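See below for the structure under consideration.
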Amino acid sequence: MINLSAPLEFDSIVNGEGLRTVIWTQGCLHNCDGCHNPTTHSLQPKYMMSIDEVVKQIDDSNWYHITFSGGDPMLQPQACARIARHIKKHGGTVWCYTGYTLNQLKLKTNPAMKEFLSYVDVLVDGPYIESCKTYSHFRGSSNQKILYLAK
Ligand code: SF4
Numbered sequence: 003m004i005n006l007s008a009p010l011e012f013d014s015i016v017n018g019e020g021l022r023t024v025i026w027t028q029g030c031l032h033n034c035d036g037c038h039n040p041t042t043h044s045l046q047p048k049y050m051m052s053i054d055e056v057v058k059q060i061d062d063s064n065w066y067h068i069t070f071s072g073g074d075p076m077l078q079p080q081a082c083a084r085i086a087r088h089i090k091k092h093g094g095t096v097w098c099y100t101g102y103t104l105n106q107l108k109l110k111t112n113p114a115m116k117e118f119l120s121y122v123d124v125l126v127d128g129p130y131i132e133s134c135k136t137y138s139h140f141r142g143s144s145n146q147k148i149l150y151l152a153k
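For our numbering, add 2 to where a residue sits in the sequence shown, where the first one is 1.
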C-alpha cells in the first residue's frame, strides 16, 4: 500500500519536464514555513491505494513519465521503489521532489530508499525556504536544486 494525499494526477505539465503523471504522497516531516501543501504533512493514512492499483492506473494510461511529489516521497521508499521499478521496466522517466538534500539522502542506509533513488532521473531536492522563493520552473525556492542524476 501507499499513502497518497490525492488520486493520481494525469497530464500535468508543471511537475517536471513534459507531460507527466503525478503521484502525490502523504506525509512530510520538514514543516517548511510557507509550504503550499500543509495538508500533506500528517502521517495518518489519507488516501490509501495498493501498489497494484497504482501500477494498473499507470498501465491503463500507457504513459510512463512519472513525478513523485507530496508530502515527501522519501518517507515511503519501499512503495515508491516498487512503482519506480515498474516505470523503468517500461522505459519511462522518474522525477522526485523531496525536502531532503541529495547529500542527506546519500547518508541514509535504508536499502529501499537507495533502490528508489537509483531509479530517479531527476531529483528536485531540499526544503522550501520562503525567503528564497522563486518563480523559476519546477522549484519553489532557489536553494532547491534540479539534479539530473541519470546523466
Ligand atoms: S518538504 Fe515540501 S511538502 Fe514538506 S513541508 Fe517542505 S514544502 Fe511542504
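Don't be surprised by glycine CBs; every beta carbon is placed ideally from N, CA and C. Note that the structure is a prediction, hence the values are computed from the model and not measured.
Residue i classed as buried or exposed, judged by whether at least 16 other C-beta atoms fall within 10 angstroms
{"i": "Thr155", "result": "Only positions 3 to 153 of the chain appear in the structure, and residue 155 is not among them; the question remains open."}
{"i": "Val16", "result": "exposed"}
{"i": "Met76", "result": "buried"}
{"i": "Gln46", "result": "exposed"}
{"i": "Asp123", "result": "buried"}
{"i": "Ser133", "result": "exposed"}
{"i": "Leu21", "result": "exposed"}
{"i": "Thr27", "result": "buried"}
{"i": "Pro79", "result": "buried"}
{"i": "Tyr49", "result": "exposed"}
{"i": "Asp62", "result": "exposed"}
{"i": "Asp13", "result": "exposed"}
{"i": "His139", "result": "exposed"}
{"i": "Gly29", "result": "buried"}
{"i": "Thr111", "result": "exposed"}
Continuous beta strand (DSSP E) stretch holding residue i: start and end
{"i": "Val24", "result": "22-26"}
{"i": "Ile89", "result": "Looking at the DSSP string, Ile89 is not in any beta strand (DSSP E); the run it does join, the alpha helix (DSSP H), is 79-91."}
{"i": "Asn5", "result": "4-6"}
Residues that residue i bridges to, as DSSP identifies them
{"i": "Ile1", "result": "The structure shown does not extend to residue 1, since the chain is modelled only from 3 to 153, so the question has no answer here."}
{"i": "Tyr150", "result": "Val124"}
{"i": "Ser14", "result": "Arg22"}
{"i": "Lys135", "result": "Ser143"}
{"i": "Tyr49", "result": "Leu6"}
Unbroken alpha helix (DSSP H) run spanning residue i, endpoints
{"i": "Glu55", "result": "53-63"}
{"i": "Lys108", "result": "104-109"}
Presumed contact (8 Å Cβ cut-off) between residue i and residue j, rounded CB distance
{"i": "Lys125", "j": "Leu151", "result": "Note that residue 125 is Leu in the sequence shown here, rather than Lys. Right, their Cβ atoms sit about 6 Å apart."}
{"i": "Lys147", "j": "Gly128", "result": "7 Å"}
{"i": "Tyr99", "j": "Ser71", "result": "4 Å"}
{"i": "Val24", "j": "Leu10", "result": "7 Å"}
{"i": "Gly93", "j": "Tyr66", "result": "7 Å"}
### Message
Using 8 Å as the cut-off, can you tell me whether the stretch 115-134 makes contact with the stretch 83-101, which would need three or more C-beta pairs spanning the two stretches below that distance?
### Response
yes
### Message
Is it the case that the stretch 48-56 contacts the stretch 96-105, given that we only count it when at least three CB pairs across the two stretches are under 8 Å?
### Response
no
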